[in-house]
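First the structure, in the form of structure tokens, and then the observations on it.
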Amino acid sequence: MMTKGALRPLGFAIVGLLLMLQACASPAPSATACKGTTAEDHYECGYDYQYELRDYPAAIREYSEALRLRPDYPYALNNRGLAYRRSHDPDAAILDFTALIELHPQEIFAYNNRANAYLDKGDRQAAFSNLTKALEIDPTFADAYYGRSNLYDGAEKTEGALHDLTEAIRFYGEAAAHPPSERVRSWFENGRYGEASALNPKIREIDEYLADAYYVRSRVYAEAGDMAKANADLDEARRIDPTVVQRNH
């Protein structure tokens, strides 16, 4: 599964959109970048450590300071959880995502991220349950369908995987049909702040996600012996992204 949900305190609607679109060009933090005193200052520094410098211990330190100053800071909880995963501490990550869910029970990315942390521990059942909960909240959440498609076992494996991959293709395709700025604005207006915020990297990758879903579905069809559908999906995956096979090997 792919990890999404790198939340940044973007504000609301257009203000949030503009800040997010600027984030890709933000410079790496300097030696004096962390001298602010507010929770937001420490959060911003942690974000830069995490996504610009890939210094996860420093990011965790800054997010922890942000949370000391503001214990109910959802973005700091989410990103510290992601940094803990990068630091190979899934138990700490689960605690942060659980705390975020307690604050915002409808935040689908918190369930998705907690599912990934459970997978880090090898707990497929807990991961499946978290993804299913995310889909109960938002039946259009393509990432959860894609992730859950890998977790079916036994007699349900082929049927369940094909269903979830088909839904992932449907909703990734709908997202890919709209310009990134339009997607962000729509999600903000509908209260889906986590999903909108996570588009910082996702703006550039939505076509890759769609291609991946076609590619994985082609493999499921091949395993089921339906080579006509397998080849059709593989052709579509390559049409969307000619590098899809190389990226998945």
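All letters in the sequence shown, in the order written, are residues -25 to -1, 1 to 224 by mature numbering (1 follows the signal peptide of the UniProt record, and there is no 0). In this text, a Cβ means the ideal position worked out from N, Cα and C, and glycines have one as well.
- By a beta-carbon distance limit of 8 Å, A188 contacts Y121. Their separation comes to about 6 Å.
- With a cutoff of 9 Å on beta-carbon distance, G11 and R55 are scored as not near each other.
- Per the Cβ contact rule, the segment 125 to 144 is in contact with the segment 88 to 106 (3 or more Cβ pairs under 8 Å).
- A residue is called buried when at least 16 other Cβ atoms come within 10 angstroms of its Cβ; A152 does not meet this threshold and is exposed.
- In this structure, the alpha-carbon of A186 lies about 30 Å from that of I69.
- Around the beta carbon of I112, fewer than 16 other beta carbons sit within 10 angstroms, so the residue counts as exposed.
- Here N223 really is in contact with Y190; their C-beta atoms are around 6 Å apart, less than 8 Å.
- Taking the C-beta atoms as reference points, R45 is found no nearer than 9 Å to A67.
- Annotated three-state conformation of F116 is coil, per DSSP.
- With 16 or more other CB atoms across the displayed protein chains lying within 10 angstroms of its CB, P49 is buried.
- For K132, the enclosing alpha helix (DSSP H) starts and ends at 132 to 151.
- Look at Q81 here: in three-state DSSP terms it is coil, with no helix or strand label.
- Straight-line spacing of the CA atoms in V219 and L137 works out to 19 Å.
- A direct Cα-Cα distance of roughly 7 Å separates L75 from A85.
- With respect to A143, A109 sits apart: the two C-beta atoms are not nearer than 9 Å.
- In the structure shown, A74 adopts helical secondary structure according to DSSP, grouped into three states.
- By the 16-neighbour rule on beta-carbons within 10 angstroms, Q25 is buried.
- Between R61 and F72, the gap from beta carbon to beta carbon reaches 9 Å or more.
- Looking from the CA of I35, the closest CA among G97, K204, Y59, D16 belongs to Y59.
- Sequence-distant Cβ neighbours of I83 in its own chain, meaning closer than 6 Å and more than five residues away, are A109, I112, D113, F116.
- Taking the C-beta atoms as reference points, L28 is found no nearer than 9 Å to Y38.
- R192 is positioned such that its CB atom lies closer than 9 Å to that of D208.
- A distance below 9 Å separates the beta carbons of D95 and H63.
- With fewer than 16 other Cβ atoms inside 10 Å of its own Cβ, N206 counts as exposed.
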